[in-house]
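S.K.:
Number of protein chains: 2
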Amino acid sequence: MSSNAYQVLEQRFARMGALNEAAGMLHWDMAAVMPEGGHGARAEQLAILNVIAHEMLTAPETADLLENAQGAGLDSWQAANLNEMRRLYVHATALSPAFVEAMTRARAACEKVWRTARPAGDFKAVQGKLQAVLDLAREAAAAKAEKLGLSPYEALMDEYEPGARVAEITPIFDAYAAFLPEFLGRVLEHQKAKGAPVLPQGPFPIATQKALGEKLMGIIGFDFNHGRLDTSAHPFCGGTPDDVRITTRYDESSFADALMGVIHETGHALYERGLPADWRRQPVGQARGMALHESQSLLIEMQAARSVDFCRFLSPLLQETYPGNAAAFHPENLFRLYTQVNPGFIRVNADEVTYPAHVILRYRLEQALISGDLSLDDLPGAWNDGMKQLLGLTVANDREGCLQDIHWFEGLFGYFPCYSLGAMNAAQLFAAAIAAEPGIPAAIGRGDFKPLLAWLRQNVHGLGSSLTTAEIVTRATGRPLDADLFRRHLTQRYLGTA
Amino acid sequence: MSSNAYQVLEQRFARMGALNEAAGMLHWDMAAVMPEGGHGARAEQLAILNVIAHEMLTAPETADLLENAQGAGLDSWQAANLNEMRRLYVHATALSPAFVEAMTRARAACEKVWRTARPAGDFKAVQGKLQAVLDLAREAAAAKAEKLGLSPYEALMDEYEPGARVAEITPIFDAYAAFLPEFLGRVLEHQKAKGAPVLPQGPFPIATQKALGEKLMGIIGFDFNHGRLDTSAHPFCGGTPDDVRITTRYDESSFADALMGVIHETGHALYERGLPADWRRQPVGQARGMALHESQSLLIEMQAARSVDFCRFLSPLLQETYPGNAAAFHPENLFRLYTQVNPGFIRVNADEVTYPAHVILRYRLEQALISGDLSLDDLPGAWNDGMKQLLGLTVANDREGCLQDIHWFEGLFGYFPCYSLGAMNAAQLFAAAIAAEPGIPAAIGRGDFKPLLAWLRQNVHGLGSSLTTAEIVTRATGRPLDADLFRRHLTQRYLGTA
Numbered sequence: 001m002s003s004n005a006y007q008v009l010e011q012r013f014a015r016m017g018a019l020n021e022a023a024g025m026l027h028w029d030m031a032a033v034m035p036e037g038g039h040g041a042r043a044e045q046l047a048i049l050n051v052i053a054h055e056m057l058t059a060p061e062t063a064d065l066l067e068n069a070q071g072a073g074l075d076s077w078q079a080a081n082l083n084e085m086r087r088l089y090v091h092a093t094a095l096s097p098a099f100v101e102a103m104t105r106a107r108a109a110c111e112k113v114w115r116t117a118r119p120a121g122d123f124k125a126v127q128g129k130l131q132a133v134l135d136l137a138r139e140a141a142a143a144k145a146e147k148l149g150l151s152p153y154e155a156l157m158d159e160y161e162p163g164a165r166v167a168e169i170t171p172i173f174d175a176y177a178a179f180l181p182e183f184l185g186r187v188l189e190h191q192k193a194k195g196a197p198v199l200p201q202g203p204f205p206i207a208t209q210k211a212l213g214e215k216l217m218g219i220i221g222f223d224f225n226h227g228r229l230d231t232s233a234h235p236f237c238g239g240t241p242d243d244v245r246i247t248t249r250y251d252e253s254s255f256a257d258a259l260m261g262v263i264h265e266t267g268h269a270l271y272e273r274g275l276p277a278d279w280r281r282q283p284v285g286q287a288r289g290m291a292l293h294e295s296q297s298l299l300i301e302m303q304a305a306r307s308v309d310f311c312r313f314l315s316p317l318l319q320e321t322y323p324g325n326a327a328a329f330h331p332e333n334l335f336r337l338y339t340q341v342n343p344g345f346i347r348v349n350a351d352e353v354t355y356p357a358h359v360i361l362r363y364r365l366e367q368a369l370i371s372g373d374l375s376l377d378d379l380p381g382a383w384n385d386g387m388k389q390l391l392g393l394t395v396a397n398d399r400e401g402c403l404q405d406i407h408w409f410e411g412l413f414g415y416f417p418c419y420s421l422g423a424m425n426a427a428q429l430f431a432a433a434i435a436a437e438p439g440i441p442a443a444i445g446r447g448d449f450k451p452l453l454a455w456l457r458q459n460v461h462g463l464g465s466s467l468t469t470a471e472i473v474t475r476a477t478g479r480p481l482d483a484d485l486f487r488r489h490l491t492q493r494y495l496g497t498a
Numbered sequence: 499m500s501s502n503a504y505q506v507l508e509q510r511f512a513r514m515g516a517l518n519e520a521a522g523m524l525h526w527d528m529a530a531v532m533p534e535g536g537h538g539a540r541a542e543q544l545a546i547l548n549v550i551a552h553e554m555l556t557a558p559e560t561a562d563l564l565e566n567a568q569g570a571g572l573d574s575w576q577a578a579n580l581n582e583m584r585r586l587y588v589h590a591t592a593l594s595p596a597f598v599e600a601m602t603r604a605r606a607a608c609e610k611v612w613r614t615a616r617p618a619g620d621f622k623a624v625q626g627k628l629q630a631v632l633d634l635a636r637e638a639a640a641a642k643a644e645k646l647g648l649s650p651y652e653a654l655m656d657e658y659e660p661g662a663r664v665a666e667i668t669p670i671f672d673a674y675a676a677f678l679p680e681f682l683g684r685v686l687e688h689q690k691a692k693g694a695p696v697l698p699q700g701p702f703p704i705a706t707q708k709a710l711g712e713k714l715m716g717i718i719g720f721d722f723n724h725g726r727l728d729t730s731a732h733p734f735c736g737g738t739p740d741d742v743r744i745t746t747r748y749d750e751s752s753f754a755d756a757l758m759g760v761i762h763e764t765g766h767a768l769y770e771r772g773l774p775a776d777w778r779r780q781p782v783g784q785a786r787g788m789a790l791h792e793s794q795s796l797l798i799e800m801q802a803a804r805s806v807d808f809c810r811f812l813s814p815l816l817q818e819t820y821p822g823n824a825a826a827f828h829p830e831n832l833f834r835l836y837t838q839v840n841p842g843f844i845r846v847n848a849d850e851v852t853y854p855a856h857v858i859l860r861y862r863l864e865q866a867l868i869s870g871d872l873s874l875d876d877l878p879g880a881w882n883d884g885m886k887q888l889l890g891l892t893v894a895n896d897r898e899g900c901l902q903d904i905h906w907f908e909g910l911f912g913y914f915p916c917y918s919l920g921a922m923n924a925a926q927l928f929a930a931a932i933a934a935e936p937g938i939p940a941a942i943g944r945g946d947f948k949p950l951l952a953w954l955r956q957n958v959h960g961l962g963s964s965l966t967t968a969e970i971v972t973r974a975t976g977r978p979l980d981a982d983l984f985r986r987h988l989t990q991r992y993l994g995t996a
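First to last, the sequence lines map onto chains A and B. Take the first sequence: its letter number 243 is residue 243 in the numbering used here, and every next letter is one higher. Just add 498 to the spot in the second sequence (first one is 1) and you have the numbering used here.
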């Protein structure tokens, strides 16, 4: 009876999974190939697919089945699948349909105003709409917190990275904030002593960039029989595990941005492609969370592809692709180009060393916004104080301050920590991979990613959501997230000492 | 109460409509851009979207609502919408889910064997599988016939072209079969007297063909803000009315095939794009049927774009695009190239004059198969006799005979007549358009399709499924389908006399 209930649940969630996969493809299409005039119909299609899946998830039958499936003789994957089903059910039913609709409307209205307020640097213009979004986010956080037994902020994080806890993240981020000022000073001094790297001369034609990107994707392990590379305004990894669609954007004056962008998205793509094939379209077969997802893109981009080893491999390829830039594409110069540190105001342009400061700032502020300790009146000032404290920079315009990211304005609170948790997990996982397979760096230096990918398949990708991120990291590396490994990686890379 | 039931039905069918639109986009993606390895997941997504829509349509609530919506104070479009809902409900509920599943399996199994039997010319190899498909098709026809009050064969046609009746089609087709032999003889003689047209010299680069195709699409009225042109193995028109995706395939040795293919699909696209915007995703907002759909593609391709007027416009464009072929692209020579008549075995390669003979043959044979008057043992012989009688050709191999089309082998009985009904409706509609707007041919000669398109929007496209095909044609042309207009068109075009 209860095992039968579980089987019915699997069928039900397979349907939701197929609807989600269909929506994923429609999202890719919208970003990569859809003509402008298709937006209205596409929004309608996506909204309806979403409503149908939501109704399946929140239907009384689902609740009955989840109750009846308790205590059954399930194996560990089935049990984990059932847990994920429950988590999704709780998230979906914590808020009433009317509330979700109000939230969707408030977010759309706010995002729309933000699109003009940001370039104008006019926080006041959007503050009212943001207040409405924040009020609803706080209400949602409280409702979910009660159902999940978490703090309100944790309940929000749980949507993006299940199991993320303030008690674990705060000390890690505080330690990094304490480490950064002196370290950053030493890195900048060290960099200055070396002088500026040689810049390669463009233009770098788009077709050439694309061909090189596809070549490197293949080298890293992207399977073009199960995926594509296309162009979109905002690069992303979408599609489904059996048909992974990554996108990038090109700038003819820069050889580097699209290249590292493609490599980053390839890291995401490898994770999706490596998810357990036996659990397609089931909750347990999905990627674990956004922090772990980001760890996979950053492991490939930051740990592997910005390494000295990979620069050695990439150098002759670049020289062949863009002749006449021998000095710029010399392995050592290339490594310096790819590891320049420049404290700045904008998160998305930040380097590996200063990026966490941007995230820590947002993490602290959004907790205060959700708890009510910080009002929106005080947000720009608090932002600017934080930037001064963390990176020593004076924000002159909210355009380069609290208006820069879309996240809050479209209601995403609790997402930001994923970026830096990803970077830290990436350092720890990469170190563990090398400890297990010491040949990995040399292989990367030959353009051979197979040993690394094999380790990732076994220790991360293939586990889907059968374990929590903490369990996956502990199992793979022998200990919970330890930010010291990230600092050690930075010290070695940017100061040449361990 | 009953008007309320109607409103609920509209919401219900809007959901099914969105699922169908999503499936349409996924089909386009599969044909145009999907990597090979995506097939398994895509089949699963499409099957599940289909099951969800089917369950919505056949649910007991739908039956209750359809009953309660009777006799309400609906306007004529709402009433027509309700009629279409009923028709879809009857088709969907006439067969049990178990029967539909058995049919799906039998079709897939048969089609698979056909893919090797056809090139081998081995009808016996596939006869058993085809028998299974035919038996199920006959059972389905009988079940639907009872529910719809039609003959079994008409019940099958009704799926593709609602309202198609044997009593109307048979005399039209018989008259054409009687007209053809002598007419064809005169055309071939007339053609011979003129000598062979000059052939242009290739190659014709694919990028150039594509650019020219897009240019002509724009000239004919395709809105690239609401659609795209892509490449696929089998050209089609897909997507949705707000985002019409057409495809073609290119052959560098032929300038003509892709060009006319693109123009043909553009005709389909204009129909989809012109469907009534107020009724998107409702049954009454959909294209009327496959015969009318084909009339729109053939009106643009055969009536408008293979005309002397259009050849006059196209000639300088082709000369500019592919220099060095002045004689071949002279307007008169171009017209002759585009109106060559060559009786042959293969339907998809047939010219405008002999195409109906291929359709009439299949129409006669499939009626006999469904009624039981013809057994599969006798099919190849009956086919070959028919070809001899209709076109005077002796079939030497079933590969060029009854094995050539996929339709029957994947269970499509009752579809073939749509092609020639489309050609005949196209001639009649085009004549009516010119009668109403005598400037249309001269405008086409200047590359101006606006007057023609305006007439089609008003008299065909914008009507959606609010009327039957017969009603649409009668309203637009003043009389029911009259095949004499098609014969008059052929006589004028191929003998230069009316």
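Cβ coordinates follow ideal geometry from the N, Cα and C atoms, glycine included.
1) Is there a Cβ of chain B sitting closer than 8 Å to that of A341 (chain A), yes or no?
2) Report buried or exposed for Q492 (chain A), applying the criterion of at least 16 other Cβ atoms within 10 angstroms of its Cβ.
3) Please go through the same chain and pick out, in chain order, the residues whose beta-carbon is closer than 7 Å to the beta-carbon of G960 (chain B), but skip the five residues on each side of it.
4) Let's test the definition: count the other Cβ atoms within 10 Å of the Cβ of S813 (chain B) and tell me whether it reaches 16, buried, or not, exposed.
5) Within this structure, are the beta carbons of V782 (chain B) and S964 (chain B) separated by less than 8 Å?
6) Under the three-state reduction of DSSP, which class applies to T966 (chain B): helix, strand or coil?
7) Give me the Cα-Cα distance between M885 (chain B) and F907 (chain B), rounded to the nearest whole angstrom.
8) Grouping DSSP H, G and I as helix and E and B as strand, with all else coil, what is L275 (chain A)?
9) Drop a sphere of 10 angstroms on the beta-carbon of R245 (chain A), count the other beta-carbons inside from all chains shown, and report buried for 16 or more, exposed for fewer.
10) On the DSSP bridge assignment, give the partners of R726 (chain B) in chain order.
11) Output needed for R605 (chain B): all residues of its chain with C-beta closer than 7 Å, excluding positions within five of it in sequence on either side, in chain order.
12) Could you tell me whether the Cβ atoms of V685 (chain B) and V806 (chain B) are closer together than 8 Å?
13) Considering only their Cβ atoms, is the gap separating S295 (chain A) from N425 (chain A) smaller than 8 Å?
14) Starting from T339 (chain A) and walking both ways along the alpha helix (DSSP H), at which residues does that stretch end?
15) Just verifying my parser: in three-state terms, what is the DSSP assignment at C402 (chain A)?
16) Starting from D741 (chain B), find everything on chain A with Cβ-Cβ shorter than 8 Å and list it in chain order.
17) Quick check on P447 (chain A): does DSSP put it in helix, strand or coil?
18) My understanding is that T247 (chain A) touches A31 (chain A), with C-beta atoms under 8 Å, so please give their C-beta distance in whole angstroms.
19) If contact is defined by three or more beta carbon pairs under 8 Å, each pair taking one atom from either stretch, is the region 478 to 488 of chain A in contact with the region 168 to 185 of chain A?
20) Can you check DSSP and say which residues form a bridge with C237 (chain A)?
21) Which residues, in chain order, does the region 222 to 236 of chain A contribute to contact with chain B at a C-beta distance below 9 Å?
22) For chain A, check one thing: does any of its Cβ atoms lie closer than 8 Å to the Cβ of A606 (chain B)?
23) Cutting at 8 Å between CB atoms, please list the residues of its own chain near T497 (chain A), excluding the five before and the five after it.
24) Given this structure, state the Cα-to-Cα distance separating P703 (chain B) from Y748 (chain B), to the nearest angstrom.
25) Around the C-beta of K948 (chain B), are 16 or more other C-beta atoms found within 10 angstroms, so that it is buried, or is it exposed?
26) Would you be able to state if there are at least three C-beta pairs under 8 Å between the region 707 to 726 of chain B and the region 751 to 769 of chain B?
27) Would a check of beta-carbon distances place R513 (chain B) closer than 8 Å to chain A?
28) Residues in its own chain within less than 6 Å of M788 (chain B) by CB, not counting five upstream and five downstream?
29) Identify, in the order they occur along the chain, each residue of the same chain with its Cβ nearer than 6 Å to the Cβ of A117 (chain A), setting aside the five sequence neighbours on each side.
30) Just to check my reading of the structure: W28 (chain A) and I406 (chain A) have Cβ atoms closer than 8 Å, yes? What is that Cβ distance to the nearest angstrom?
31) For E44 (chain A) and Q367 (chain A), I'd like the C-alpha separation in whole angstroms.
32) Please report how far the alpha carbon of M499 (chain B) lies from the alpha carbon of R779 (chain B), in whole angstroms.
33) R87 (chain A) and M56 (chain A) - do their beta-carbons sit closer together than 8 Å?
34) List in chain order: all unbroken alpha helix (DSSP H) runs of 4+ residues lying wholly within the region 139 to 218 of chain A.
35) On the CB-based measure, 16 or more other CB atoms within 10 Å of its CB, does R364 (chain A) come out buried or exposed?
36) Does the distance from the CB of G536 (chain B) to the CB of H226 (chain A) come in under 8 Å?
M.R.: Straight from the coordinates:
1) Against the first sequence, residue 341 (chain A) aligns to sequence position 341. Note on identity: in this sequence residue 341 (chain A) is Val, with Ala being the wrong assignment. Not one chain B Cβ lies under 8 Å of V341 (chain A).
2) Looking up residue 492 (chain A) in the first sequence gives position 492. When all chains shown are included, Q492 (chain A) counts as exposed.
3) Translated into the one-based positions of the second sequence, residue 960 (chain B) becomes position 462. The answer, listed in chain order, is G772, P774.
4) The residue given as residue 813 (chain B) occupies position 315 in the second sequence. So S813 (chain B) ends up on the buried side.
5) Start at 1 with the first residue of the second sequence, and residue 782 (chain B) comes out as number 284. Start at 1 with the first residue of the second sequence, and residue 964 (chain B) comes out as number 466. In contact: V782 (chain B) and S964 (chain B) (Cβ atoms closer than 8 Å).
6) Along the second sequence, one-based indexing puts residue 966 (chain B) at 468. In this structure, T966 (chain B) counts as coil in the three-state DSSP scheme.
7) Translated into the one-based positions of the second sequence, residue 885 (chain B) becomes position 387. Translated into the one-based positions of the second sequence, residue 907 (chain B) becomes position 409. Approximately 20 Å between the Cα atoms of the pair.
8) Reading the first sequence from its first residue, position 275 is the one you call residue 275 (chain A). Correct three-state label for L275 (chain A): coil.
9) As a working mapping, residue 245 (chain A) is identified with position 245 in the first sequence. Buried: at least 16 other Cβ atoms inside 10 Å.
10) Translated into the one-based positions of the second sequence, residue 726 (chain B) becomes position 228. Beta-bridge pairing links R726 (chain B) to B:R743.
11) Taking the first residue of the second sequence as position 1, residue 605 (chain B) is located at position 107. These residues qualify, in order along the chain: V631, E908, G909.
12) Counted from its first residue, the second sequence places residue 685 (chain B) at position 187. Counted from its first residue, the second sequence places residue 806 (chain B) at position 308. Contact flag unset, no.
13) Translated into positions along the first sequence, residue 425 (chain A) becomes position 425. Translated into positions along the first sequence, residue 295 (chain A) becomes position 295. Result yes, Cβ atoms of N425 (chain A) and S295 (chain A) sit closer than 8 Å.
14) Residue 339 (chain A) sits at position 339 when you count from the first residue of the first sequence. Counting along the chain, T339 (chain A) falls outside any alpha helix (DSSP H), and DSSP gives it neither H nor E.
15) Position 402 of the first sequence holds residue 402 (chain A). Note: C402 (chain A) maps to coil in three-state DSSP.
16) Numbered from its first residue, the second sequence carries residue 741 (chain B) at position 243. M34, P35, G37, G38, A41, R42, listed in chain order.
17) Mapped onto the first sequence, residue 447 (chain A) falls at position 447. In the sequence on display, residue 447 (chain A) carries Gly and not Pro. Coil at G447 (chain A), not helix or strand.
18) Taking the first residue of the first sequence as 1, we reach residue 247 (chain A) at position 247. Taking the first residue of the first sequence as 1, we reach residue 31 (chain A) at position 31. That belief holds up - the Cβ atoms of T247 (chain A) and A31 (chain A) are roughly 6 Å apart, short of 8 Å.
19) yes
20) Indexing the first sequence from 1 puts residue 237 (chain A) at position 237. In the DSSP output, where bridge partners are listed per residue, C237 (chain A) has A:I246.
21) D223, F224, N225, H226, G227, R228, D230
22) As a first step, residue 606 (chain B) is located in the second sequence; it is residue number 108 there, counting from the start. Taking Cβ atoms only, chain A never reaches closer than 8 Å to A606 (chain B), which makes this a no.
23) For the purposes of this step, residue 497 (chain A) is identified with residue 497 of the first sequence, where counting begins at 1. Around T497 (chain A): T491.
24) Along the second sequence, one-based indexing puts residue 703 (chain B) at 205. Along the second sequence, one-based indexing puts residue 748 (chain B) at 250. Cα to Cα, the separation comes out at about 9 Å.
25) Counted from its first residue, the second sequence places residue 948 (chain B) at position 450. That one is exposed.
26) yes
27) Taking the second sequence and counting its residues from 1, one reaches residue 513 (chain B) at position 15. It does: the Cβ of R513 (chain B) has a partner Cβ on chain A nearer than 8 Å.
28) Walking along the second sequence from the start, residue 788 (chain B) turns up at place 290. Y658, E659, C916, listed in sequence order.
29) As a working mapping, residue 117 (chain A) is identified with position 117 in the first sequence. Here the set comprises A125, V126.
30) Here residue 28 (chain A) corresponds to residue number 28 of the first sequence, with the count starting at 1. Here residue 406 (chain A) corresponds to residue number 406 of the first sequence, with the count starting at 1. Not a contact, Cβ separation roughly 19 Å.
31) Stepping through the first sequence from its first residue, residue 44 (chain A) is reached at position 44. Stepping through the first sequence from its first residue, residue 367 (chain A) is reached at position 367. Cα-Cα distance, rounded: 34 Å.
32) Reading the second sequence from its first residue, position 1 is the one you call residue 499 (chain B). Reading the second sequence from its first residue, position 281 is the one you call residue 779 (chain B). Residue placement at M499 (chain B) is poorly supported in this model, since its pLDDT is 48, which falls under 50; the coordinates still yield a value, given next. Cα to Cα, M499 (chain B) sits roughly 23 Å from R779 (chain B).
33) For this step, residue 56 (chain A) is matched to residue 56 along the first sequence. For this step, residue 87 (chain A) is matched to residue 87 along the first sequence. Not a contact, by the Cβ cut-off of 8 Å.
34) 152 to 160, 166 to 194
35) Position 364 of the first sequence, counted from the start, is the residue given in the question as residue 364 (chain A). Buried.
36) As a working note, residue 536 (chain B) is residue 38 in the second sequence. As a working note, residue 226 (chain A) is residue 226 in the first sequence. Closer than 8 Å, so yes.
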